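Protein chains: 2
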Amino acid sequence: MDAHRHFFHKYFTLYRPFVNELNRMLEDYNLYYAQWSIMYYLDVYQSMTLVELSKMLYVEKPTVTRTVNALIKLDYVEQIPVRDKREKRIQLSKTGVHVVQEVRKVFDQYEQEIMTGISNEDQATVIRVMETVRDNIIRKGD
Amino acid sequence: MDAHRHFFHKYFTLYRPFVNELNRMLEDYNLYYAQWSIMYYLDVYQSMTLVELSKMLYVEKPTVTRTVNALIKLDYVEQIPVRDKREKRIQLSKTGVHVVQEVRKVFDQYEQEIMTGISNEDQATVIRVMETVRDNIIRKGD
DNA sequence: AATAAATAGTTACCCAAGGTAACCATTTTG
DNA sequence: CAAAATGGTTACCTTGGGTAACTATTTATT
């Protein structure tokens with residue numbers, strides 16, 4: 074078997090245990106991973122529109138609408154007024170900011186645990202490879 | 074941001090474009106990725122029981138039952154008789170073997186394309202890291 | 001040998017997370 | 001100013017997973 078074939082297989086066999094575990098941790102905050110990923114971006118970028126999220130997450134607009142609505146209902150996210158009346162621009166609410174801090178603590182802890190024994194250099198390699206692969210996939214796809 | 078935080082984010086942002094693209098390719102064979110992953114294992118291990126698959130795939134038994142039934146309906150997979158009457162042991166059918174060959178060709182081609190510019194050494198590093206991470210996740214989880 | 005426990009699989013439900021098609025409002029462009 | 005583009009929503013559908021409760025069979029215990 075060639076290395077690249079191993080790569081894809083390994084990539085996907087990691088997904089299920091990984092996302093299961095993260096969802097289990099998010100239970101305490103009434104969140105699922107798909108919701109968390111939006112909060113993650115809002116933490117990084119302060120505020121975003123649904124279309125921006127849609128492109129970042131690589132999912133369709135209706136999916137974003139639904140997930141954002143769930144976050145608004147949880148009071149983790151709020152809409153902010155903006156000139157263009159078509160746009161829905163959102164940011165983390167006060168509660169949301171707090172939840173992000175909490176979840177980050179939990180995730181950082183967990184992430185460090187499961188990365189034990191992997192050098193910073195190797196971590197950097199993996200990140201670079203995944204970035205490249207993603208770019209390649211998207212470039213070919215569209 | 075620490076490296077490990079980058080790692081997790083990168084890992085998940087790759088997933089959606091990746092699985093979308095693979096599903097698009099599998100359309101020609103009336104397959105979805107979840108079904109393909111079972112055929113992949115059957116190709117590697119010749120024959121497997123549903124419980125074995127369940128453990129390998131890290132999904133519950135009912136999920137395996139459903140997916141396998143779909144593959145049997147497609148005539149890509151067939152049951153083989155076995156001493157223990159509780160067990161359902163399956164293997165690729167003749168058609169299934171053929172389909173695996175075809176899909177492999179398509180995937181290998183695609184995979185090589187999107188891995189361009191990544192050295193064999195880096196690919197090996199990524200594989201090793203993902204294996205380690207998966208083991209760590211599963212060890213912590215249970 | 002008879003019973004209890006374990007194992008393999010199925011059935012009947014439920015839910016998260018995505019998708020498409022069609023649409024409305026608003027803004028931008030020709 | 002009409003046409004096209006953009007941002008978002010609604011309605012409906014699908015994949016792919018889950019849990020609880022069950023049957024059938026095999027294995028272990030008494």
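Just so you know, the protein sequences line up as chains F and X, in that order.
Per our numbering, the very first residue in the first sequence carries number 74; after that it's consecutive.
Per our numbering, the very first residue in the second sequence carries number 74; after that it's consecutive.
Just so you know, even glycine gets a beta-carbon here, dropped at the ideal spot from N, CA and C.
Bear in mind the structure is a predicted one, so any value in this text is a computation, not a measurement.
Should F:L99 and F:V150 be called a contact, given that it needs their Cβ atoms to be closer than 8 angstroms?
No, the pair does not count as a contact, with Cβ atoms beyond the cut-off.
Any Cβ of chain F within less than 8 angstroms of the Cβ of X:E175?
Chain F contact via Cβ: absent.
Can X:D164 and X:Q196 be called in contact, C-beta distance under 8 angstroms?
Per the sequence presented here, residue 164 of chain X reads as Gln, with Asp not at that position. For X:Q164 and X:Q196, no; Cβs fall outside 8 angstroms.
How is F:T189 classed by DSSP in three states: helix, strand or coil?
Here F:T189 sits in coil by DSSP.
Would the segment 85 to 105 of chain F and the segment 205 to 215 of chain X be scored as touching if the rule is three or more Cβ pairs under 8 angstroms?
Yes: at least three Cβ pairs fall under 8 angstroms.
Cα separation between X:F226 and F:I200?
Missing from the structure shown is residue 226 of chain X; chain X here goes from 74 to 215 and no further.
Taking X:V206 as the query, report the chain F residues whose CB atoms sit under 8 angstroms from its CB, ordered along the chain.
L87, F91, I187, M188 and I191, listed in chain order.
Anything in chain X within Cβ reach of F:G214, meaning under 9 angstroms, just list it in chain order.
Chain X residues near F:G214: P90, N93, E94 and R97.
Closer than 9 angstroms, Cβ to any Cβ of chain F: which residues of the segment 122 to 137 of chain X, in chain order?
Here the close residues are M129, L130, Y131 and V132.
Got a sec: is the Cβ-Cβ distance from X:E100 to anything in chain F below 8 angstroms?
Taking Cβ atoms only, chain F never reaches closer than 8 angstroms to X:E100, which makes this a no.
For X:Y84, would you say it is in contact with chain F, using Cβ-to-Cβ distances shorter than 8 angstroms as the test?
Cβ-Cβ to chain F under 8 angstroms: yes for X:Y84.
Fully enclosed by the segment 149 to 197 of chain X, which beta strand (DSSP E) runs are 3 residues long or longer?
Within the segment 149 to 197 of chain X, the complete beta strand (DSSP E) runs of at least 3 residues are 150 to 153 and 162 to 165.
How do the segment 185 to 192 of chain F and the segment 137 to 147 of chain F stand: do at least 3 beta-carbon pairs fall below 8 angstroms, yes or no?
No, the segment 185 to 192 of chain F is not in contact with the segment 137 to 147 of chain F.
Would X:I145 count as contacting chain F if we go by Cβ distances under 8 angstroms?
No - not a single Cβ of chain F is within 8 angstroms of the one on X:I145.
With a threshold of 8 angstroms between beta carbons, is X:M203 in contact with chain F?
Yes, X:M203 counts as interfacial toward chain F.
Please name the residue in X:E175, X:Q182, X:K178 and X:L144 whose C-alpha comes closest to that of X:S166.
Of X:E175, X:Q182, X:K178 and X:L144, the residue nearest in Cα terms is X:L144.
Buried or exposed, going by whether 16 or more other CB atoms sit within 10 Å of the CB of X:G214?
Its Cβ having fewer than 16 others within 10 Å, X:G214 is exposed.
Verify the CB distance criterion: does F:S110 have a CB-CB separation below 8 angstroms to chain X?
At least one chain X Cβ lies under 8 angstroms of F:S110.
Residues of chain X with a CB under 9 angstroms from the CB of F:V170: which are they?
Residues of chain X passing the Cβ test: none, with the nearest at roughly 17 angstroms.
Report yes if the CB atom of F:E175 is closer than 8 angstroms to the CB atom of F:Y102, and no otherwise.
Yes; because the gap between Cβ atoms is below 8 angstroms, this pair is in contact.
What does X:S120 pair with, by DSSP beta-bridge criteria?
X:Q164, per the DSSP bridge assignment.
Between the Cα of F:T122 and the Cα atoms of F:R89, F:Y88 and F:R159, which residue gives the shortest distance?
That would be F:R159, whose Cα lies nearest to the Cα of F:T122.
Taking all protein chains shown into account, do 16 or more other C-beta atoms lie within 10 angstroms of the C-beta of F:V202, making it buried, or fewer, making it exposed?
Result: buried.
Throw me the rounded Cβ distance for the F:T198 and X:T198 pair, which I believe falls under 8 angstroms.
The pair is a contact, with the Cβ atoms about 5 angstroms apart (cut-off 8 angstroms).
Excluding sequence positions up to five away, which residues of its chain have a Cβ less than 7 angstroms from the Cβ of F:V173?
Once the five neighbours on either side are set aside, the close Cβ partners of F:V173 are M112, D116 and L165.
Looking at the unbroken alpha helix (DSSP H) that takes in F:L21, where does it start and where does it end?
Because chain F in this structure spans residues 74 to 215, residue 21 of chain F falls outside the shown range and cannot be described.
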